[in-house]
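Structure first, commentary second.
Number of protein chains: 2
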Amino acid sequence: MDLVTLYKCLGDPTRLRILNLLREGSLCVCQLQEALDESQVKMSKHLGYMKKRGLLVSERIANWNYYKINPVAHPMLKANMKALGSFAAKDDELASDLKRLREVKSQADCS
Amino acid sequence: MDLVTLYKCLGDPTRLRILNLLREGSLCVCQLQEALDESQVKMSKHLGYMKKRGLLVSERIANWNYYKINPVAHPMLKANMKALGSFAAKDDELASDLKRLREVKSQADCS
DNA sequence: GAGGAATATTCCTTTATCGGTATATTCTTT
DNA sequence: AAAGAATATACCGATAAAGGAATATTCCTC
Chain A
0 MDLVTLYKCL
10 GDPTRLRILN
20 LLREGSLCVC
30 QLQEALDESQ
40 VKMSKHLGYM
50 KKRGLLVSER
60 IANWNYYKIN
70 PVAHPMLKAN
80 MKALGSFAAK
90 DDELASDLKR
100 LREVKSQADC
110 S
Chain B
0 MDLVTLYKCL
10 GDPTRLRILN
20 LLREGSLCVC
30 QLQEALDESQ
40 VKMSKHLGYM
50 KKRGLLVSER
60 IANWNYYKIN
70 PVAHPMLKAN
80 MKALGSFAAK
90 DDELASDLKR
100 LREVKSQADC
110 S
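Order-wise, the sequence lines are chains A and B.
Per numbering that gives the first Met the number 0, the first sequence starts with residue 0, numbered consecutively.
Per numbering that gives the first Met the number 0, the second sequence starts with residue 0, numbered consecutively.
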């Protein structure tokens, strides 16, 4: 995966919000959808976009598709994800996304 | 300047090549143009794109317009520029861009 | 195998991006 | 003021992105 592709993936607000949540580990589409309060299509498309470019990997378990950051993705991704963490603390939207994710997770499991 | 905008700026091959050279400090359009062997319009447009978004600042001196990285740009930019440095050492194109820049600089001054 | 849930894909429209050609602007020099 | 150099802008065409609506796929359960 080349650097330009990596930055293109990062250069979209929805994808940044998704990646912010994926710092927490593997998540399925509906969890992301709920936490970000966005449409299913939008989620699926952005996840597909990043997977296609090697940023994410997915694993299907029953009806659910779990996405996570590709552990062998570009090293620059890890650095930016880490920086995103400290940025998220100061950013209202990213912070409340995380908060909502925790609520979503604490509710009934996807299964 | 927001994070998404920053990443959009980084998500283009020509702009990454420009930024790689601007790590060396302030450069005028014709120096960049020569070092990257690209058209004047292309250079000017990408520089304008980044300036408009707060990534670069410029200073006109006589006929020449010198661009440099905005010292007060997003902190994430600095981190990525630094990382770009180590990446450039391994990347053929970025490395030869730097080489050519040094040739350009060693030649007659712009003035 | 029929129905339902989770997800992906197709089609469409709108908007952004990129690069080129041609032209304009700005500044310097004569 | 005219010419030339360095740079910017306007306009155009091609391509990519982004999101919505509708539909398809996949897998589970009954």
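C-beta: ideal position from N, C-alpha, C; glycine also.
**Study point:** DSSP bridge partner residues for Ile17(B) (one or two, in chain order)
**Key:** The partner list for Ile17(B) (beta bridge, DSSP) is empty, contrary to what the question assumes.
Practice item. Report the neighbours of Met42(A) on chain B: residues whose CB is nearer than 9 Å to its CB, in chain order. Key: In chain order: nothing, as chain B lies at least about 17 Å away.
Exercise for review: Please name the residue in Ser95(B), Gly53(B), Ser105(B), Tyr65(B) whose C-alpha comes closest to that of Leu9(B).
Suggested key: Gly53(B)
Check your understanding: Can you give the Cα-Cα distance for Asp1(A) and Ala61(B), rounded to whole angstroms?
Key -> 39 Å
**Study point:** Extent of the continuous beta strand (DSSP E) run through Ser57(A)
**Key:** Unbroken beta strand (DSSP E) run through Ser57(A): 55–60.
Exercise for review: Quick one: list the residues of chain A neighbouring Lys89(B), beta-carbon separation under 7 Å, in chain order.
Suggested key: Neighbours of Lys89(B) on chain A: none; closest Cβ ~11 Å, over 7 Å.
Review point. In chain B, which residues lie less than 8 Å from Pro12(A) when you measure between Cβ atoms?
Key: Val3
Check your understanding: Listing by chain order, which chain A residues have their CB less than 7 Å from the CB of Lys7(B)?
Key -> Residues of chain A passing the Cβ test: Gly10.
Point to revise | Euclidean distance between Cα positions of Ala82(A) and Leu18(A) | key: 12 Å
Check your understanding: Under three-state DSSP, which class holds Cys27(B)?
Key -> Of the three classes helix, strand and coil, the one that applies to Cys27(B) here is strand, per DSSP.
Practice item. Tell me, to the nearest whole angstrom, how far the beta carbon of Ala78(A) is from that of Ala78(B); I am working on the premise that it is less than 8 Å. Key: Cβ-Cβ separation between Ala78(A) and Ala78(B): approximately 7 Å, consistent with a contact (criterion under 8 Å).
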